[in-house]
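Working notes, beginning with the structure itself.
There are 2 protein chains.
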Amino acid sequence: MPSARGARTVGPRRRAEEIIDAAAAVFAERGYHGASTQDVADRLGMRQASLYYYFPSKEAALEQVCLRSVGDFVERAQAIAGGHRGAAEKLAALIQSHLAPVEIRGDYVRCFLRERRFLPRDSARRIGRVARRYEGVLQGVIEAGIEAGELRRDLDPRLTTLALIGMCNAAMEWYGREPDAPVRRIADRFAVLVIDGMRAARGATPFSGSRAKRSGGRAGSRPRRRIGG
Amino acid sequence: MPSARGARTVGPRRRAEEIIDAAAAVFAERGYHGASTQDVADRLGMRQASLYYYFPSKEAALEQVCLRSVGDFVERAQAIAGGHRGAAEKLAALIQSHLAPVEIRGDYVRCFLRERRFLPRDSARRIGRVARRYEGVLQGVIEAGIEAGELRRDLDPRLTTLALIGMCNAAMEWYGREPDAPVRRIADRFAVLVIDGMRAARGATPFSGSRAKRSGGRAGSRPRRRIGG
DNA sequence: TAATTTTTCTATCACCCGATAGACGTTTCT
DNA sequence: AGAAACGTCTATCGGGTGATAGAAAAATTA
């Protein structure tokens, strides 16, 4: 039975992943700069210096965490976007897909969202590219939906994409603290919320008119009443 | 002419605010733990030790930043919520109000959003109370809107509130990097996006059916179909 | 079992960080 | 002008940090 020194509790390549797991957990909890390599080592029951057998630097560990976090996000999104369903359905599926990892990879995702900016320039750029590609997939679905007449023509695809992603990312923060909010439920509610707002109006008049107002009088947007459908 | 030592460039109480400004900027850029008191001092052209004339600790500086960030958020929200307009209008105004500080207080707000969790327990709790009160104001507007029949009855007020806030908070992150996206425009788009999704449907069919597809009879909450109206 | 490789350990370093103490220049008050 | 308060400085300290070097234990291979 292995113990004390040179112990190997698990398979050969598996140990490295355990260490990344620990790093993700610690970074997510205390923040990259707030966490020390000692914290990571403690969580693994090993010595701080031993970590450097697996990683050349703390930054490299963060990079690994972020890379695994980003993982197959893009691929899954592309798979959904490439399907034959309507834009609304695709978006609902994309929301579900975006939110899903919070359960089993919450630490990774949170770490990515909050600590990615501390990566060295090179890896930051590489990861940034992936993120931008992901945004592009979403935006593509929205643009196609507009083109097809399924979504409102006055949508700003870029802002809508960012709104959607931001909303989901925010959920990563409070997920687990909110009672009665499993991923499925959150995803469903989010989908209804924004997708119904994006749908091409059937009979109703969009809220548009009231927006750019406000310059004249008081702060508020005096809304004109909607004409019932 | 004041210079070198003991110089006072500005009024008596004003200096402290300059220092908080610098702290906010530095904390926002590098993160609380990633930023050193030296960084703050550099930005002010003063010595690191001199900061401690104004603040007993780095944590105290962070607390000040967060307190000022939270500022009059709640009051402004309450003012809007207390008005006599409809829920949709109030929400649009709330979005605008929420987003507004990013222009002149971006550093503060970003610092609050990202670094608040590193505050010592006591101040974290105090600030947490403020944040929760703010959420409550928004949620109250939504609940009132539902009650009044202006907003969809099947909205989850809590999740909707969090979605709204999360969407806006996310914008704080990318604001300034997105071209052609002044606050006003973002606020308008966001308002259209979610508020139209929240409105009590007049003719349109909600999206419910297509969502839960993919579950194949899984645990999830089978979304109940809305009865139109 | 002996040799080799893999993994962990001990020991240590150079550095930076937050914080304190006390001197010194500046401003304000009387 | 003299005293008091204010604001900044220099100097320094204890402690934690990321990282390196090399010994040693465990696992693997021959």
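Just so you know, the protein sequences line up as chains A and B, in that order. Under our numbering, the first residue of the first sequence carries the number 4, and numbering increases by one thereafter. Under our numbering, the first residue of the second sequence carries the number 4, and numbering increases by one thereafter. Every residue, glycine too, gets a C-beta built ideally from N, C-alpha and C.
Ignore the nearest five residues each way along the sequence and tell me which others in residue i's own chain have a CB closer than 7 Å to its CB.
{"i": "A19 of chain A", "result": "Y57"}
{"i": "A123 of chain B", "result": "Reading off the sequence, residue 123 of chain B comes out as Pro, not Ala. Once the five neighbours on either side are set aside, the close Cβ partners of P123 of chain B are E62."}
{"i": "V133 of chain A", "result": "V73 and V77"}
{"i": "K93 of chain A", "result": "I83, A84, G86 and V144"}
{"i": "T40 of chain B", "result": "Q51, L54 and K61"}
{"i": "R71 of chain A", "result": "I23 and Y111"}
{"i": "S126 of chain A", "result": "E66"}
For residue i, which residues of its own chain have a beta-carbon under 8 Å away from its beta-carbon, when the five flanking residues on both sides are left out?
{"i": "R88 of chain A", "result": "A96"}
{"i": "W50 of chain B", "result": "For the record, residue 50 of chain B in the displayed sequence is Arg; it is not Trp. Closer than 8 Å at Cβ, skipping near neighbours: A44."}
{"i": "D24 of chain B", "result": "D110"}
{"i": "R46 of chain A", "result": "A25, A28 and V29"}
{"i": "C171 of chain A", "result": "I98, H101, L102 and F193"}
Helix, strand or coil, according to DSSP, for residue i in the structure here?
{"i": "L154 of chain B", "result": "strand"}
{"i": "E237 of chain B", "result": "Any answer about residue 237 of chain B is impossible in this case: the structure gives chain B only from 4 up to 232."}
{"i": "M49 of chain A", "result": "coil"}
{"i": "H101 of chain B", "result": "helix"}
{"i": "Y178 of chain A", "result": "coil"}
{"i": "R161 of chain B", "result": "helix"}
{"i": "S39 of chain B", "result": "coil"}
{"i": "E21 of chain B", "result": "helix"}
{"i": "R113 of chain A", "result": "helix"}
{"i": "L252 of chain B", "result": "Nothing can be reported for residue 252 of chain B: it is not among the residues displayed for chain B, which extend from 4 to 232."}
{"i": "Y57 of chain A", "result": "coil"}
{"i": "D191 of chain A", "result": "helix"}
{"i": "G131 of chain B", "result": "helix"}
{"i": "I71 of chain A", "result": "It should be pointed out that residue 71 of chain A corresponds to Arg in this sequence rather than to Ile. Residue state, collapsed to three classes: helix."}
{"i": "R166 of chain B", "result": "With the sequence shown as reference, residue 166 of chain B is identified as Ala, and Arg is not the correct amino acid for it. Reduced to three states, the DSSP call for A166 of chain B is helix."}
{"i": "D199 of chain A", "result": "helix"}
{"i": "R16 of chain A", "result": "coil"}
{"i": "A95 of chain B", "result": "helix"}
{"i": "A184 of chain B", "result": "coil"}
{"i": "R88 of chain A", "result": "coil"}
{"i": "G143 of chain B", "result": "helix"}
{"i": "G34 of chain B", "result": "coil"}
Counting C-beta neighbours from all protein chains within 10 Å, is the total for residue i 16 or more, i.e. buried, or is it exposed?
{"i": "Y55 of chain A", "result": "exposed"}
{"i": "D199 of chain B", "result": "buried"}
{"i": "R79 of chain B", "result": "buried"}
{"i": "S53 of chain B", "result": "exposed"}
{"i": "D159 of chain A", "result": "buried"}
{"i": "E118 of chain A", "result": "buried"}
{"i": "I107 of chain B", "result": "exposed"}
{"i": "Q142 of chain B", "result": "buried"}
{"i": "G179 of chain A", "result": "exposed"}
{"i": "Q67 of chain B", "result": "buried"}
{"i": "G187 of chain A", "result": "In the sequence on display, residue 187 of chain A carries Arg and not Gly. R187 of chain A comes out buried."}
{"i": "G169 of chain A", "result": "buried"}
{"i": "G34 of chain B", "result": "buried"}
{"i": "V197 of chain A", "result": "buried"}
Can you find the residues in the same chain that come closer than 6 Å, C-beta to C-beta, to residue i, ignoring five residues on each side of it along the sequence?
{"i": "E21 of chain B", "result": "none"}
{"i": "R76 of chain A", "result": "The question names Arg, but residue 76 of chain A in the sequence shown is Phe. Closer than 6 Å at Cβ, skipping near neighbours: Y137."}
{"i": "V140 of chain A", "result": "A80, Q81 and A84"}
{"i": "A38 of chain B", "result": "V29 and F30"}
{"i": "D42 of chain A", "result": "V29"}
{"i": "S48 of chain B", "result": "In the sequence as presented, Ser is not what sits at residue 48 of chain B; that position holds Gly. None."}
{"i": "H36 of chain B", "result": "none"}
Contact between the segment 87-107 of chain B and the segment 171-178 of chain B (3+ Cβ pairs under 8 Å): Two segments are said to touch when three or more pairs of C-beta atoms, one from each, lie closer than 8 Å; by this definition the segment 87-107 of chain B touches the segment 171-178 of chain B.
Stretch-stretch touch, CB-based, cutoff 8 Å, three pairs: the segment 109-123 of chain A with the segment 15-34 of chain A: Enough Cβ pairs lie closer than 8 Å, so yes.
Cβ contact (3+ pairs, closer than 8 Å) linking the segment 84-99 of chain B and the segment 138-152 of chain B: When C-beta atoms of the segment 84-99 of chain B are compared with those of the segment 138-152 of chain B, three or more pairs fall below 8 Å, so the two segments count as touching.
Residues, ordered as in the chain, of the segment 121-141 of chain A that lie near chain B by beta-carbon distance below 9 Å: Within the segment 121-141 of chain A, the residues whose Cβ lies closer than 9 Å to some Cβ of chain B are F121, listed in chain order.
Chain A contacts from the segment 21-41 of chain B (Cβ-Cβ distance under 7 Å): Within the segment 21-41 of chain B, the residues whose Cβ lies closer than 7 Å to some Cβ of chain A are G34, H36 and G37, listed in chain order.
Against chain B: residues of the segment 141-171 of chain A by CB proximity under 9 Å: For the segment 141-171 of chain A, the residues whose beta carbon sits under 9 Å from a beta carbon of chain B are, in order, R155, D157, L158, D159, R161, L162, T163, L165, A166, L167, I168, G169, M170 and C171.
Against chain A: residues of the segment 80-110 of chain B by CB proximity under 9 Å: Listed by position along the chain: I83, G86, R88, G89, A91, E92, K93, A95, A96, Q99 and S100.
Contact the segment 158-174 of chain A vs the segment 177-193 of chain B: 3+ CB pairs below 8 Å: Taking 8 Å as the limit for Cβ pairs, the verdict is that the segment 177-193 of chain B does touch the segment 158-174 of chain A.
Contacting positions in the segment 184-198 of chain B - beta carbon closer than 9 Å to chain A: For the segment 184-198 of chain B, which is checked against every Cβ of chain A, the residues closer than 9 Å are A184, R187, R188, I189, A190, D191, R192, F193, A194, V195, L196, V197 and I198.
Members of the segment 49-64 of chain A near chain B, C-beta cut-off 8 Å: Against chain B - using a Cβ distance shorter than 8 Å - the segment 49-64 of chain A contributes no residues.
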